[in-house]
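Asker: One structure, pasted below without further comment.
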Amino acid sequence: MGSERKIRLIGGTLHGREIWLEGGQLTLGEHGCDLCIPLNGDGQVVLSIKDGQMFVDAGGATVRVNGRRHKPSLPLPAEGVLQTMGLAMAFGSHEANLSHYRLHTGFSAIYWGIVLTFFILVGGIAVIWSSPSAKPPPSITAQVDTLLRQKGLTQTVARWDQDGTLQLSGYCQNSAVLQNARLKLESWGVLYRDSVVCTDQLIRNVSDILTQAGYANAQVTSSVPGEVHITADITMGKRWSIVQPQLAEVPGLKHWKIDNPYEAEDKAIIDKVLQNGLAGNLSVTPVGQSFFISGVLDIEQQQVLNRVLAQLREQFPGIALSYQNVSASNEGSQHFPSPVAAIVHSRQGIYLILEDGERLRVESLLPDGSEVVELNDRAVTLKYQGALINFPLNF
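Okay, structure coming up:
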């Protein structure tokens, strides 16, 4: 996605106007801003793109994203609605259709509070004038208790403060059910604070982080409130070390479990390629639940590979393997901290010399977590996150 982002203003005189973020940053406010829009408290909103992710800085003001309070240290999801200081906007990629985003409209809690107070006074007078057998309407407390007993809200906790404010916490299964409950509370004139974590929103937040980190095929589920189960081709390394702190900042996420169903298959394929002397000629690329093997082989090597593929299909009946007779690219060079300068044969064996002076042998580890598993005069082969990368040496 890169820095190709845009926003679409919702409400006000500029409703429906779309603005692209050029240069990686956009400021909204009144004084010296890119877009002059009066904001509550004379504030300013700064939208920025960093490392392909979009961030918002509202100067300490409360920011809500998709109806939930947002931490400024976290990147925004790929798409959604942002609200702060009386400003509302949809955001997404340049290709995204943001016109379907709308704000929930309705009367404010203060208005309904005034209306409710009026009817309570009128009702009180009516009770005095009516017969003793007339029953008063159920209390707000009882109504709230009944509201939270509906399906999807049974793990939502309600607590009344001394000032009459309702505190909502705990968990819900579906954010749409919670939103309906919020509207009901507002219609009753109830002032409330909401820190409820909805499972579907939790799954979306985790999925957004994984997708932005490159785990496009990750599947996220949840069976326990506050916990998620991630099924993906995840291995320890630089990429996952960046994701973990982001997951730790997701509101309401207490624990996550990783299941990598492809790890055994990755290892078996790479081991077979190494054991049969094909590592200097082949690359192995996992894509979801499939594995693509590529490289140029002679007739004898092709026969060896066919036997290897047959053994793997017998060992893993559901595995999807395909071979492509194409040459290796130079993409493997990006794993080295500096370009390869030379290959040297010595009494201790063969090794690479990089331009920064570093020497690499078989079993050497690179800064990004990749490992040198094969080295000859023609190519160097790296093992990286379940893939085998063959990098040709052109000296």
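No gaps in the numbering here: position 9 of the sequence shown is 43 in my numbering, and each next residue is one more. In this text, a Cβ means the ideal position worked out from N, Cα and C, and glycines have one as well.
Which partner residues of Arg103 appear in the DSSP bridge assignment?
Answerer: Beta-bridge pairing links Arg103 to Arg98.
Asker: Pick from Val258, Ala298, Leu316 and Pro320: whose alpha carbon is nearest that of Tyr249?
Answerer: The residue with the shortest Cα to Cα distance from Tyr249 is Pro320.
Asker: Are the CB atoms of Asn239 and Ile268 within a distance shorter than 7 Å?
Answerer: Contact flag unset, no.
Asker: Measuring only the C-alpha atoms, how far is Ile243 from Arg136?
Answerer: Spanning the two alpha carbons is a distance of roughly 24 Å.
Asker: Within a Cβ cutoff of 7 Å, which residues of the same chain sit near Ala375, ignoring the five residues on either side of it in sequence?
Answerer: Counting only Cβ-Cβ distances below 7 Å, and skipping sequence neighbours, we find Ile387, Leu388 and Glu389.
Asker: Three or more C-beta pairs closer than 8 Å, one from the segment 263 to 282 and one from the segment 301 to 316: is that the case here?
Answerer: Segments in contact, no.
Asker: Just confirm the distance between the C-beta atoms of Tyr205 and Pro259, as a whole number of angstroms; I'd bet it's less than 8 Å.
Answerer: 4 Å between Cβ atoms; contact.
Asker: When we look at the beta-carbon of Met270 and count the other beta-carbons within 10 Å, is it buried (16 or more) or exposed?
Answerer: It counts as exposed.
Asker: Spatial neighbours of Met119 within its chain, please: C-beta separation below 8 Å, excluding the five flanking residues on both sides.
Answerer: Cβ within range, chain order: Leu73, Asn74, Gly75, Gly77, Val79, Ala92 and Ala95.
Asker: Inspect the beta-carbon positions of Gly186 and Val224 and report whether they are closer than 7 Å.
Answerer: Against a cut-off of 7 Å, the Cβ pair of Val224 and Gly186 comes out as no contact.
Asker: May I ask you to list the residues that DSSP assigns as paired with Glu293?
Answerer: Residue identity check: residue 293 is Asp in the sequence provided, not Glu. DSSP output for Asp293 lists Thr265 as bridge partner(s).
Asker: By the three-class DSSP mapping on this structure, what secondary structure does Pro426 have?
Answerer: Reduced to three states, the DSSP call for Pro426 is strand.
Asker: Can the beta-carbon of Ser317 be found closer than 7 Å to that of Asn251?
Answerer: Going by C-beta atoms, Ser317 is not nearer than 7 Å to Asn251.
Asker: Have a look at Gln117, Ser398 and Ser203 and flag the residue whose alpha-carbon is nearest the alpha-carbon of Ala100.
Answerer: The sequence given here has Asn at residue 100, not Ala. Comparing Cα positions, the closest option is Gln117.
Asker: Going straight from the alpha carbon of Glu392 to that of Lys417, what length do you get?
Answerer: Their Cα atoms are separated by approximately 19 Å.
Asker: Within its chain, find whatever has a CB closer than 8 Å to the CB of Lys105; leave out the 5 residues flanking it on each side and keep chain order.
Answerer: If we look at Lys105 and ignore the five residues flanking it on each side, its Cβ neighbours are Glu283 and Pro285.
Asker: For the alpha helix (DSSP H) containing Arg39, list its first residue and its last residue.
Answerer: Note, Arg39: premise wrong, no alpha helix (DSSP H); beta strand (DSSP E) at Arg39 to Leu43.
Asker: Helix, strand or coil, according to DSSP, for Pro109 in the structure here?
Answerer: Pro109 falls in the coil class under three-state DSSP.
Asker: Alpha carbon to alpha carbon, how far is Gly314 from Val406?
Answerer: Distance between the alpha carbons of Gly314 and Val406 is about 11 Å.
Asker: Within its chain, find whatever has a CB closer than 8 Å to the CB of Ala413; leave out the 5 residues flanking it on each side and keep chain order.
Answerer: The residues are Gly314, Asn315, Ala362, Asn424, Phe425, Pro426 and Leu427.
Asker: Compare the Cα-Cα distances from Gln201 to each of Val178, His379 and Asn214 and report the closest residue.
Answerer: The option with the nearest alpha carbon to Gln201 is Val178.
Asker: With contact counted as at least three CB pairs below 8 Å, one residue from each stretch, are the segment 353 to 360 and the segment 323 to 343 in contact?
Answerer: Yes, since at least three Cβ pairs between the segment 353 to 360 and the segment 323 to 343 fall closer than 8 Å, the two stretches touch.
Asker: Helix or strand or just coil, what does DSSP make of Val90?
Answerer: Looking at Val90 - three-state DSSP - the assignment turns out to be strand.
Asker: Considering just the uninterrupted stretch of the alpha helix (DSSP H) at Trp222, what are its terminal residues?
Answerer: Run containing Trp222: none; DSSP gives neither H nor E here.
Asker: Out of Asn214, Thr61, Glu220 and Ser257, which has the shortest C-alpha to C-alpha gap to Ser82?
Answerer: Ser82 has its Cα closest to that of Thr61, out of Asn214, Thr61, Glu220 and Ser257.
Asker: Just to check my reading of the structure: Leu343 and Leu331 have Cβ atoms closer than 8 Å, yes? What is that Cβ distance to the nearest angstrom?
Answerer: That belief does not hold up - the Cβ atoms of Leu343 and Leu331 are roughly 12 Å apart, past 8 Å.
Asker: Apart from the five residues on each side of it in sequence, which residues of its chain come closer than 7 Å, Cβ to Cβ, to Ala433?
Answerer: Shown here, the chain extends from 35 to 429; a query on residue 433 therefore has no answer.
Asker: Quick check on this structure: which residue in Ile333, Glu334, Gln337 and Arg347 has the alpha carbon closest to the alpha carbon of Asp300?
Answerer: Answer by Cα proximity: Arg347.
Asker: Return helix, strand or coil for Ile162, following the three-state DSSP convention.
Answerer: Bear in mind that the predicted position of Ile162 carries a pLDDT of just 44, short of 50, making it unreliable; the figure below should be weighed with that in mind. Correct three-state label for Ile162: helix.
Asker: Is the beta carbon of His263 closer than 7 Å to that of Lys291?
Answerer: In this structure, His263 lies closer than 7 Å to Lys291 by Cβ.
Asker: What's the gap between the Cα of Ile384 and the Cα of Glu334?
Answerer: Approximately 26 Å between the Cα atoms of the pair.
Asker: Cα separation between Gly126 and Leu55?
Answerer: Cα-Cα distance, rounded: 10 Å.
Asker: Taking its Cβ as the centre, do 16 or more other Cβ atoms sit within 10 Å of Thr139, making it buried, or is it exposed?
Answerer: Annotation note: pLDDT 47 at Thr139 (below 50); position unreliable, no value reported.
Asker: Express the C-alpha separation of Val378 and Arg395 in angstroms, rounding to a whole number.
Answerer: The alpha-carbon atoms of Arg395 and Val378 are separated by roughly 10 Å.
Asker: Which one of Ala192, Ile44 and Phe89 has the shortest CA to CA distance from Ser133?
Answerer: Comparing Cα positions, the closest option is Ile44.
Asker: Under the three-state reduction of DSSP, which class applies to His369: helix, strand or coil?
Answerer: If DSSP states are grouped into helix, strand and coil, His369 belongs with the helices.
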